[in-house]
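Residue numbers (this note's numbering), protein chains in the order written: chain A, 1 to 290; chain B, 291 to 546; chain C, 547 to 832.
Given below as structure tokens:
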């Protein structure tokens, strides 16, 4: 495996769903491939259903109180009953998440290009970015609430933007820089300008890194939006809804909202996956199981 | 005298049914103590597979294979052989000394004994000054010498080498070949040496087994009747070039 | 950083210190510069440069040395204490989650059946965004009479164990096939192969995960402290100073700085341990 593949693989570090990715066969949708995919996951699916049934059964049997452990049936019925409220809150939060994602990623892309181009900038920015990544960025939420008005979605978007900015910037810069020296020499030998080198060599090379970080960022953005909401703001967003329901011990309602958050998160992730396949159809073959 | 290697009709098939691949077929090979045998052939002729059968890293699917008159498994459990691969496979978190001690630790040697043997081996390959260095501080050739020292640390009767110098430059390669011959002379160990390089095979061995692919077979055996003491002069002697030509022609014949 | 192993540690330390100083200076210049320019031009977007929303940097630092409450200890003291409280919770969870993650990783690599059976659950556990539901979990725990700090530690453990499992597995499987063959040629037992080859090989991977988890644990701890009634940690203090913003904005900024430092200290500590155990013996490409 080449150095580059290793780096790509490792940049999936804490990326949850990438643990599954390698199982999607390269052949895509052939019957054999689907059967193979199903064969691997059918047992897990079956045992999942069994667990849900057991959960339901045992909580009923032992009369476990709702506040200790809600039953799946209660969660589902709450989900259906509060459908409108929960989804409307979900979409408001999604708006904050996507907005912040957009701002953060754009800023990250611009700074990455600058960092790749100018060494001085890079040597200054990268260590800051790495250090900032280690800090609890959500602690900025109260500051943004005060700067951008606690009721405005912008205050939450700002938190998401900062959270998303650092990993995307770090990874994209890495991708732009860690190009095979021989490719760079090739460009020099045909007297390519640094802009052309950027376009033809660095940017295509950086795409896998970029998408890896976008996948992480998509998951982070929804979570960051919800967490930012915990620091105060309008009541009709997911974060406030969850904490309000929890404070009233209405846990099935809270779980229903979490279910919405998970669905939105996975959907966002899958959209990025789709974008990745669109932009880099050749890359899928790199992700085979070890 | 025991046969170090005694292979009769050995074969190896990978996979099953429609996808089965016959990597080796009808391998007959004998080696006596102190022999130096090379396996040479084009890619895919199964020479590395054969080496791994001897090492009990793979199991034959047919035929009989005895190492020191035992099954390969038993020979492995008895630690009868040491192995050197193309990449030095040194553990980069251990010093050179600790790398050489690795097999000794696994074989439950006492600490003093381990230390003593490691020193001895590093002396033998002339790397005693680097004992406390880390692998990344050493050149490729030096790393391979450490790998060889490690393979000999527990004094096996057989040394298996799988294209050990393939990753080195030509000059280092020739130096390393000289080293291996020296070690072989001093320790009397038996060696099975897999290589791509005709001059290397001729320079080092007593016998060269030429292999052909699809399925892997030994197509000819060429006895190298160069004097046992070999050096730079040997590399320039007429007989050396004749033997190289013989091996080359045997390889060509095998391919047609 | 191939020149490590003690030779340049003191000079690189000084260099590191100087670059941190440089960063701080640049930051202060930008901050005060923004205030100055925006005030002169009477602009208020995106952030109002008045002292009420954007206090001077020296006022923020000064606030650290003022009493947090009337006649109480100085803010710095209070916040560091809160940071220690939060870090303790994070640390307990981090250690527990890290150990569970490591052993689970070892188990899954040893037994393919176990991996097939349980890995989907491990992955599924992470689709529940625990950070997002941390406050709810704390309320839930409170109802079950679990002490708040324990619930927060459990949250930190949950955040830590997944990356550690994944990276432990990756690391344990990372040695080259020839090295594994080498161990087999020594008739090494599975346990010996594990401890002499796989675990040392896995260390860089494990520490990568631990550094990420360290940051996540601190965030999880802070977020878990947000529900009403939680005393003593950074989360509550941040909320409180947020409410006091109009009266004393410097206090919020000051405590945010302390919170940021707390995260850096934690990750820094893990990095130091990593340097001890890992980097010194290998040529590392950061």
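Backbone N, C-alpha and C define an ideal beta-carbon position, used for all residues, glycine too.
Which of the residues in the stretch 218 to 230 of chain A, read from start to end, lie with their CB under 8 Å from any CB of chain C? 219, 222, 223, 226, 227 and 230
Quick one: does residue 397 (chain B) have its CB under 8 Å from some CB of chain E? Judged by its chain identifiers, the structure shown contains no chain E, and its protein chains are A, B and C.
In the DSSP assignment, find the beta strand (DSSP E) that holds residue 605 (chain C) and state where it starts and stops. What you label residue 605 (chain C) is simply residue 59 of the third chain in a count that begins at 1. Run containing residue 605 (chain C): none in the beta strand (DSSP E); it sits in the alpha helix (DSSP H), 603 to 610.
Just to make sure I have the definition right: I need the residues of chain B whose C-beta is within less than 9 Å of the C-beta of residue 748 (chain C). Which are they? The count along the third chain starts at 1 and reaches residue 748 (chain C) at position 202. Going along chain B, no residue has its Cβ under 9 Å from residue 748 (chain C), so there is no contact; the nearest lies around 11 Å.
Ordered along the chain, which non-local residues of its own chain (more than five positions away) have a Cβ less than 7 Å from that of residue 547 (chain B)? No statement about residue 547 (chain B) is possible, as the shown extent of chain B runs from 291 to 546 and does not include it.
Going along the chain, which unbroken runs of the beta strand (DSSP E) with 3 or more residues stay wholly within the stretch 663 to 717 of chain C? none
Nonlocal neighbours in the same chain, by C-beta distance under 8 Å from residue 665 (chain C), ignoring five residues either side: Walking along the third chain from the start, residue 665 (chain C) turns up at place 119. Result list for residue 665 (chain C): 654, in chain order.
How far does the alpha helix (DSSP H) with residue 739 (chain C) in it reach, from first residue to last? Within the third chain, numbered from 1, the residue matching residue 739 (chain C) stands at position 193. 736 to 739 is the span of the alpha helix (DSSP H), which, as asked, contains residue 739 (chain C).
Name, in chain order, the residues that DSSP records as bridge partners for residue 328 (chain B). On the second chain, residue 328 (chain B) is found 38 positions in, with the first residue counted as 1. According to DSSP, which records beta bridges pairwise, residue 328 (chain B) is partnered with B:483 and B:498.
Using the DSSP secondary-structure output, state which residues sit across from residue 49 (chain A) in a beta bridge. Counted from its first residue, the first chain places residue 49 (chain A) at position 49. Its beta-bridge partners do not exist; DSSP assigns none.
Starting from residue 727 (chain C), follow the alpha helix (DSSP H) in both directions and report where the run begins and ends. Numbered from 1 along the third chain, position 181 holds the residue referred to as residue 727 (chain C). Run containing residue 727 (chain C): 723 to 731, per the alpha helix (DSSP H) assignment.
Please classify residue 276 (chain A) as buried or exposed, where buried requires at least 16 neighbouring CB atoms within 10 angstroms. For the purposes of this step, residue 276 (chain A) is taken as the residue at position 276 of the first chain. Burial call: buried.
Assign residue 750 (chain C) to buried or exposed, taking buried as 16 or more other Cβ atoms, counted over all protein chains shown, within 10 Å of its Cβ. Taking the first residue of the third chain as position 1, residue 750 (chain C) is located at position 204. Buried is the call here.
What does a CB cutoff of less than 8 Å around residue 681 (chain C) pick up in its chain, not counting 5 residues either side in sequence? The count along the third chain starts at 1 and reaches residue 681 (chain C) at position 135. Contacts found: 769, 770, 772 and 773.
Which same chain residues, not among the five before or five after residue 638 (chain C), have their C-beta less than 6 Å away from its C-beta? Taking the third chain and counting its residues from 1, one reaches residue 638 (chain C) at position 92. Cβ neighbours of residue 638 (chain C) beyond the five flanking positions: 699.
For residue 273 (chain A), three-class secondary structure by DSSP: Against the first chain, residue 273 (chain A) aligns to sequence position 273. Helix.
Among the residues of its own chain, which have a CB less than 8 Å from the CB of residue 151 (chain A), if the five just before and after it don't count? As a position in the first chain, residue 151 (chain A) is number 151, starting the count at 1. Only 233 and 234 meet the Cβ criterion.
For residue 697 (chain C) versus residue 379 (chain B), is the C-beta distance shorter than 8 Å? For the purposes of this step, residue 697 (chain C) is identified with residue 151 of the third chain, where counting begins at 1. For the purposes of this step, residue 379 (chain B) is identified with residue 89 of the second chain, where counting begins at 1. No, they are not a contact pair.
Using three-state DSSP, classify residue 294 (chain B) as helix, strand or coil. For this step, residue 294 (chain B) is matched to residue 4 along the second chain. Correct three-state label for residue 294 (chain B): strand.
Could you tell me whether the stretch 630 to 650 of chain C touches the stretch 219 to 232 of chain A, using the rule of 3 or more Cβ pairs below 8 Å? Result no; under three Cβ-Cβ pairs closer than 8 Å.
Would residue 166 (chain A) pass as a contact of residue 133 (chain A) if the rule is Cβ separation under 8 Å? The count along the first chain starts at 1 and reaches residue 166 (chain A) at position 166. The count along the first chain starts at 1 and reaches residue 133 (chain A) at position 133. Closer than 8 Å, so yes.
Along chain B, which residues have their Cβ under 9 Å away from the Cβ of residue 786 (chain C)? Here residue 786 (chain C) is taken as the residue at index 240 of the third chain, counted from 1. Near residue 786 (chain C) there are no residues of chain B at all, since even the closest Cβ is about 48 Å away, more than 9 Å.
Ordered list of alpha helix (DSSP H) runs contained in the stretch 71 to 156 of chain A, each at least 4 residues: 72 to 81, 83 to 117, 119 to 133 and 141 to 147
Measure how close the beta-carbons of residue 369 (chain B) and residue 732 (chain C) come, nearest whole angstrom, since I'm counting them as under 8 Å. Here residue 369 (chain B) refers to the residue found at position 79 when the second chain is read from its first residue. Here residue 732 (chain C) refers to the residue found at position 186 when the third chain is read from its first residue. Residue 369 (chain B) to residue 732 (chain C), Cβ: 7 Å. Contact.
For residue 313 (chain B), name the three-state secondary structure that DSSP assigns. Taking the first residue of the second chain as 1, we reach residue 313 (chain B) at position 23. It is a strand residue.
Do we get a CB-CB distance below 8 Å when we pair residue 555 (chain B) with the residues of chain C? Residue 555 (chain B) falls outside the range modelled here, since chain B spans only 291 to 546, and no answer is possible.
Locate the alpha helix (DSSP H) running through residue 470 (chain B), then write down its first and last residues. Locating residue 470 (chain B) in the second chain gives position 180, where the first residue counts as 1. Here the alpha helix (DSSP H) through residue 470 (chain B) covers 460 to 477.
Spatial neighbours of residue 265 (chain A) in its chain, beta-carbon cut-off 8 Å, leaving aside the 5 residues before and after: Translated into positions along the first chain, residue 265 (chain A) becomes position 265. For residue 265 (chain A), where only same-chain residues beyond five positions count, the Cβ hits under 8 Å are 218, 219, 222 and 223.
Taking just the CA atoms, how far does residue 534 (chain B) sit from residue 515 (chain B)? Taking the first residue of the second chain as 1, we reach residue 515 (chain B) at position 225. Taking the first residue of the second chain as 1, we reach residue 534 (chain B) at position 244. Looking at the two C-alpha atoms, the distance is approximately 12 Å.
As a quick exercise: from A:274, A:270, A:279 and A:256, pick the residue whose alpha carbon is nearest that of residue 72 (chain A). The count along the first chain starts at 1 and reaches residue 72 (chain A) at position 72. Per the Cα distances, A:256.
Any idea if residue 129 (chain A) is buried or exposed, counting beta-carbon neighbours within 10 angstroms, 16 or more meaning buried? As a position in the first chain, residue 129 (chain A) is number 129, starting the count at 1. The residue is buried, with at least 16 neighbouring Cβ atoms inside 10 Å.
Residue 147 (chain A): contacting residues in chain C (beta-carbon distance under 7 Å): The count along the first chain starts at 1 and reaches residue 147 (chain A) at position 147. What residue 147 (chain A) touches in chain C, judged by beta-carbon distance under 7 Å, is 593 and 599, going in chain order.
How would you label residue 495 (chain B), buried or exposed, when you count the other beta carbons within 10 angstroms and need 16 or more for buried? Indexing the second chain from 1 puts residue 495 (chain B) at position 205. With 16 or more neighbouring CB atoms inside 10 Å of its own CB, residue 495 (chain B) falls in the buried class.
Which of helix, strand or coil DSSP assigns to residue 503 (chain C): Nothing can be reported for residue 503 (chain C), as the shown portion of chain C is limited to 547 through 832.
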